[in-house]
Every structure is written in structure tokens, then in C-alpha cells.
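Written below as C-alpha cells is the structure these notes are about.
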Amino acid sequence: MPSAYSTLVSLLKAIGRTSSELNRIRHSPATIWAIASLSLFIDTFVYTLTVSMLPDILQNTMHSPASANGVVTTMFGVGSVVGSTVSGILSDRLRERRGLQMIGAVVYSVAGIVFYFARHYYQVLLFRLIDGIASGVACTLLYASVGDVYPAKLLAFKVAVVYFCNNVAYTIGPVCGQRLFDMAGVRGPAAVVIALGVLKLVLLFAFTKDSLAIRGQTHESGYIQAVDDGWSLKSPPPPAKSMSLFKLLVRLPVVISTLSIITAIGIQCMLEGLVPLHLVDALNHPHDKGMTFVILGLVFTVMVPAIGKATDKLIEWRGEAMRYYIMLFGSLATICAVVIMALAKSYAVLMVGYAFFAVTDLCMFIPAQSAYGDFVNGENTDSMARGYSIAVFAWAVGAISLPPIGTALYSRYGFLAPTIAIAAVPCALCSVACVLFILRSARKP
């Protein structure tokens, strides 16, 4: 039999190997990417888990008017803007990502606790505000962390995979939320929100190192992350330049990307509100049972990685201008997709247009979302989190602004004219901006 000494030595060696492997995992850019993907899944799942039951809670339990639903959604947008702006500025100034993400994870659990004890309308408002703050912190810093550890002009596929997790959560969240609500009332989904906040905190604490520390170590040692996730020897870059939020906001690539995200998310959210009404009012299809959005979610889920990979390959092949050709195509094709939907006389034709819209929408969103990190890396500035706080702000503006305009015009003019007009105007602006960038790039030697 082995002696106690040899057993102890074997145990210490096993602990040493485990510690070494854990340290390697914590220092890997792939881990940052994986945790960022899981973080966005948690963020979207928390939102969709609770959004499906809010009409029942507000109207049936709290007897609030229907307009209260819109106020609750607006509170989430306000919280997102606050969380993204504050975390973006603080993260870049303090040179800290992981600690602020852990604080954001705690805020999720706080939101869950508020929801667990919610019995009045103001408590639901407070829950959505806190959830929005946590979401703003999460979305800003998870994208910033991925941008920290991967190279310039090659973020589209990384961003696409992160967004893939968003689409999965978007598809299953409402179903899970409704089932939990039917089984345990508000406390069922609220307990899941609390648990997910704790889970994210544990994952960040145990398995990640701050992305800026990984970036700093790779720069100091003269290495950068290569396209194929291997390490290639390069000269260390010069010290990062400082760029304020305002200076970042007025740079043309950031302006175009912000406009593209507002357009893509705004039209998507508007259609999510109008299509169910149009199915009942004009197409006599009242028994959809959510299948329209399941189909849309599946198209998003399948196409996101493909469009991300294609964007990276095209930029690598023909340069940065290809990003704006892709967004230009997305803008013009989105108008065509919305026209198909607006003119559709049957459910099948409408769904063909809606599926086509999902592809064109991603052609605007994916290149734009990755542009912030690519721009910051390409310019060698210390403004990664500020850049993605602008992206989250653009997301919130699109989600808040276009849907109520669409709903108001639909109630007066129907589906055809308002849908085409609201889609055409921002898409045309986005197209003009992309053409300006392409022409400016062509003049450069």
C-alpha cells in the first residue's frame, strides 16, 4: 500500500496541475469570449424571462392600465443608458473590466430580489430600472472585454457568436418565463433571476482574469492574438492614446455604426410590435401562438455566425471599406424586405419577407457592433468601454424610439404606409452615411 507521504505528494501534484490548468484558462482570450457569450445569454434570458408575464402581473394582478406596460419598457431603456454610460466611462478611467462586471452581476440579483417581493406597480418599475442598469453594465463590458483581447478588424465573428447566445436566450426565455409564472407565480422567475446573478458572479470570480490585464501582458511580451487564435510574434504597440466619449462619438466610423444600430434595432422592435397586430387585423391569422417569432429567432440564430465570419473575411480580403459595403447592402435590402412584408397578402409571403429581413438586419447590425472595438483597436486608444457604451445607448434609442411611432401610425393608417415609411427613412440615412465613408476611403492614397 502507498505510504501517507507518497499519497500526500500525489495529492499536491494533482492540486498543482489543476491550479496550473485553471491559471491557463483564466489567462486565455477564449475564456473571455466564452464568458462574454454566456453573460449576454444571461442578460437576454433575464429580460425575456420576465417580459412575457408582465402584462398578466400589471393588468390582471395590479389592475394597471395598458399604457403602464410601455412605461415599464421605457424604465428598462433608461436603466440601460445609465448603466452603460457610467460603466463605460468608469471602466476606461479605472482600467478595470472584471470588477465592474462582478458588480453588475450583483445588481442582477438585487433586481431579482426586488421582483420577488413586488406587489405594487412602483416595485415593478424599480425592478425594470435596476435590471436595465445591470444590462447596460453587462452589455458594455462584455463586448469591451472581447475587444480587448482580439485584434483590430477581426471582431465580427467574435461579436456574432456572442450575439448568437442572445438569440438563443431570446427564443427560449419567454417560454420558460411563462411556464415558471404558471407554476410558482412571480417568485419562480424572480428566483431564477437571483440565481443567474449569483452564477455569473461565481464564473467571473473563478474563471476569468481582467481582460485589460491579459491585453497588457500580451503587449508587454511582444505578442498579439492572431486570426486563428494562435499567438504570433509582433512588435509591442505604442502606448494607448486617450480619447474622450465626445471625441469618440463624433468620429465618422462611430457615427455610422451608431446610426446603423439604431436603424437595425429600431425596425426590428417596431416589427415585433406591429406584425402580431397585422396578422390578426389584415391576414386573419389569429392563432399564431408565437410561431412567427420562433421562425424569426431560428433565422437569426442560424445566420449570425455566418454573417460574422463573412464580414471578417471580406474585411481581411478588401479592407475596412467592405464593412460599409455590407452595411450599405443591409440598409437597402432592409427596405426591400419591409416592402415585401407590407405588400404581403398571405402569411407565407409575410414570413418570407420577415426571414429576409432577419438576414438584412444582421448585415447592418453585426458589422456595426464589431466596428466599435475594431476602431478602438485600430486607433490604439484606451476607449473600448466608452465605445461599447455608445453601442448600448444606440440599441436603447432604437428600441425606445421607433416602436411607439410605428404603433401610433398603425392605429391610424394601418400596416402598409407606416411600415415602409418608418423603415425607409433611417435606412436611407444609413445608406448615405455608408456611401460617404466609401467615397472618402477611395480618395485616400
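Just so you know, we're using the working numbering here: the sequence shown kicks off at 40 and counts up by one.
All residues carry an ideal CB built from backbone N, CA and C; glycine is no exception.
- It is roughly 14 Å from the alpha-carbon of T112 to the alpha-carbon of Q162.
- CA-to-CA, the gap between V293 and L287 works out to about 7 Å.
- Taking 9 Å as the cut-off, the Cβ atoms of N205 and F395 do not count as close.
- Of all alpha-carbon atoms in V378, A383 and Y411, the one lying nearest the alpha-carbon of T399 is that of V378.
- Contact check for L316 against L382 fails: the beta carbons are separated by 9 Å or more.
- Less than 9 Å divides the Cβ of T89 from the Cβ of V232.
- Its Cα nearest to that of G305, the residue M403 stands out among R136, M403 and P344.
- Approximately 5 Å separates the beta-carbon atoms of L313 and G445; this is inside 8 Å, confirming the contact.
- The three-state reading of DSSP puts D249 in coil, since its state is none of H, G, I, E or B.
- Between F84 and I253, the CB-CB gap reaches or exceeds 9 Å.
- L243 is the residue among F154, L401 and L243 whose C-alpha sits nearest the C-alpha of G138.
- Judged by pairs of C-beta atoms under 8 Å, the segment 213 to 233 does not touch the segment 422 to 441, as fewer than three such pairs exist.
- Counted as a single uninterrupted DSSP element, the alpha helix (DSSP H) harbouring D170 occupies residues Y160 to V188.
- Rounded to whole angstroms, M390 and R132 show a C-alpha spacing of 47 Å.
- Per DSSP, S370 is one residue of the alpha helix (DSSP H) stretching across A360 to L382.
- Scanning its chain for C-beta atoms nearer than 6 Å, with the 5 sequence neighbours on each side dropped, one finds around A303 the residues D400, M403 and F404, in chain order.
- The three-state reading of DSSP puts M114 in helix, counting H, G and I together.
- Within its own chain, the residues whose Cβ lies closer than 6 Å to the Cβ of Q140, once the five positions on either side in sequence are excluded, are L180 and L243, listed in chain order.
- Two segments are said to touch when three or more pairs of C-beta atoms, one from each, lie closer than 8 Å; by this definition the segment 350 to 357 does not touch the segment 415 to 425.
- In the structure shown, R136 adopts coil according to DSSP, grouped into three states.
- The three-state reading of DSSP puts G437 in helix, counting H, G and I together.
- Secondary structure note for T70: its alpha helix (DSSP H) is the uninterrupted segment P68 to V90.
- Using a 10 angstroms sphere on the CB of R482, the tally of other CB atoms stays under 16, which defines it as exposed.
- A distance of 9 Å or more separates the beta carbons of T87 and Y189.
- DSSP, read as helix, strand or coil, puts L194 in coil.
- Proximity to V110 across M361, G151, A195 and L168 peaks at L168, based on C-alpha coordinates.
- F203 places its beta carbon less than 9 Å from that of S76.
- Taking a contact to require three or more Cβ pairs closer than 8 Å, the segment 146 to 154 and the segment 218 to 237 qualify as touching.
- Sorting Y386, S126 and G358 by C-alpha distance to the C-alpha of D320 places Y386 at the top.
- CA-to-CA, the gap between C469 and A435 works out to about 18 Å.
- In this structure, R63 lies away from T247, with their beta-carbon atoms at least 9 Å apart.
- Note on geometry: alpha-carbon atoms of L219 and S78 lie some 21 Å from one another.
- Excluding the 5 residues flanking it on each side, R425 has same chain C-beta neighbours closer than 7 Å at G127, I128, D131, L284 and L287, in chain order.
- Around the Cβ of A407, a 10 Å sphere holds 16 or more other Cβ atoms; the residue is buried.
- In this structure S174 does not touch D95 by the C-beta definition: roughly 22 Å separates them, more than the 8 Å allowed.
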